[in-house]
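Data block below; observations after.
Residue numbers (the UniProt record's numbering): 1 to 331.
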């Protein structure tokens with residue numbers, strides 16, 4: 001198996017955190033988004049990881065070399081912004097005959113047992129992983145009949161299916177898929193000038209290829225600050241550690257303090273993660289993420305994300321307040 005990860009997106013919805021780094025390298029629950037994803041893929045024993053990058057590709061390469069040095073990785077640069085299917089097509093020369101292919105987009109962290117792929121795909125040509133959602137109008141959905149996908153509809157206005165595509169695709173014959181992808185691009189089948197994968201899959205379905213739509217256990221969006229914090233909360237509830245130095249502080253679980261971080265005189269939690277190299281002192285934080293090498297002092301924060309090397313220094317106040325007073329300090 002080869003695993004393809006398109007990581008070339010600009011991550012505009014996560015700005016300012018993606019102004020200086022790839023969106024897959026934003027932290028959540030003590031790890032980068034990419035580390036969460038790769039950790040879920042390692043058990044598959046892939047022969048090679050193919051990364052589609054942009055000008056921030058050097059950051060991804062450096063991260064993979066330091067964090068997963070044992071993995072065989074190849075990096076391909078998408079120089080033109082022509083859509084996700086075009087990004088995937090850049091890997092075509094590196095997918096040989098008979099090789100199966102797993103495509104994983106990096107906007108979301110998933111919970112799914114991928115070791116079941118051989119059993120789930122035994123009687124079909126591939127898997128398009130899905131998750132049932134209530135706000136189906138926001139997504140591309142799979143229409144399933146007798147366990148097999150018969151149609152795909154982008155952002156349906158009426159209820160035709162609630163099975164949203166989650167950006168996780170398995171192709172039993174990766175080379176065959178790439179041929180269909182290249183034909184779709186050659187014929188210019190675009191949506192607003194960009195190439196998308198549903199057009200490719202529908203072409204394959206019309207030619208008799210069969211795809212199933214297994215549901216993942218959890219679909220954790222990391223594409224906006226709000227969903228990143230929600231994902232942080234979900235992941236911390238399942239795994240959190242205090243590996244850093246915590247002095248004279250109250251921790252309300254779940255809280256994750258990485259090795260190399262220092263917390264002093266604070267109240268943290270719930271749902272707080274502090275990255276390595278950071279110092280947080282005399283502060284109260286809840287539902288927040290503090291990235292690496294930051295200094296936070298004398299601050300009350302909630303629902304907040306601090307990037308790398310942030311210095312956020314507040315101040316204490318002295319007050320002399322008489323009877324029956326009402327002070328509302330907005331912040």
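C-beta: ideal position from N, C-alpha, C; glycine also.
Just so we're clear, the structure is a prediction, and the values are computed from it rather than from any experiment.
Which partner residues does residue 311 have in the DSSP bridge list?
Looking at the DSSP assignment, residue 311 forms a beta bridge with 295.
Can you tell me whether residue 6 is buried or exposed, with buried defined as 16 or more other CB within 10 angstroms of its CB?
By the neighbour-count rule (16 or more Cβ atoms within 10 Å), residue 6 is buried.
Check whether the Cβ atoms of residue 53 and residue 42 sit closer than 9 angstroms, and answer yes or no.
No, they are not a contact pair.
How big is the Cα-Cα spacing for residue 180 and residue 86?
12 angstroms
Where does residue 130 fall in DSSP's three states?
strand
Is the region 203–222 touching the region 157–175 in the sense that three or more CB pairs, one from each, lie closer than 8 angstroms?
yes
Can you tell me which of 49, 154 and 56 puts its alpha carbon nearest to the alpha carbon of residue 70?
49
Secondary structure at residue 29, three-state DSSP: helix, strand or coil?
Of the three classes helix, strand and coil, the one that applies to residue 29 here is coil, per DSSP.
Confirm, please, whether the CB-CB distance from residue 91 to residue 23 is below 9 angstroms.
No, Cβ-Cβ distance for residue 23 and residue 91 is not below 9 angstroms.
Here's the rule I'm using: 16 or more other beta-carbon atoms within 10 Å means buried, otherwise exposed. How should residue 131 be labelled?
buried
So, using beta-carbon positions, are residue 291 and residue 27 closer together than 9 angstroms?
yes
Express the C-alpha separation of residue 197 and residue 101 in angstroms, rounding to a whole number.
14 angstroms
Pick from 111, 206, 51 and 108 that is closest to residue 72, judged by C-alpha positions
51
Straight-line Cα distance separating residue 230 from residue 96
39 angstroms
When the distance is taken between beta carbons, is residue 244 closer than 9 angstroms to residue 257?
yes
Can you list, in chain order, the residues of its chain whose CB lies under 6 angstroms from that of residue 237, leaving out five sequence neighbours each side?
254
Starting from residue 232, follow the alpha helix (DSSP H) in both directions and report where the run begins and ends.
Its alpha helix (DSSP H) spans residues 225–238.
Contacts around residue 219, its chain only, beta-carbon distance under 7 angstroms, and the 5 residues preceding and following it disregarded
Contacts found: 108, 110, 131 and 166.
Going by the beta-carbon positions, is the gap between residue 267 and residue 285 smaller than 9 angstroms?
yes
Among all the DSSP beta bridges, which residues are the ones paired with residue 218?
111
Is the CB-CB distance between residue 280 and residue 300 below 9 angstroms?
no
Please confirm whether residue 141 and residue 164 have their CB atoms less than 9 angstroms apart.
yes
Starting from residue 6, follow its DSSP beta bridges and name the residues at the other end.
Looking at the DSSP output, residue 6 sits in a beta bridge with 52.
Could you tell me if residue 36 is buried or exposed, where buried requires 16 or more neighbouring beta carbons within 10 angstroms of its beta carbon?
buried
Looking at residue 154: is its Cβ nearer than 9 angstroms to the Cβ of residue 82?
Taking 9 angstroms as the Cβ cut-off, residue 154 and residue 82 do not qualify as a contacting pair.
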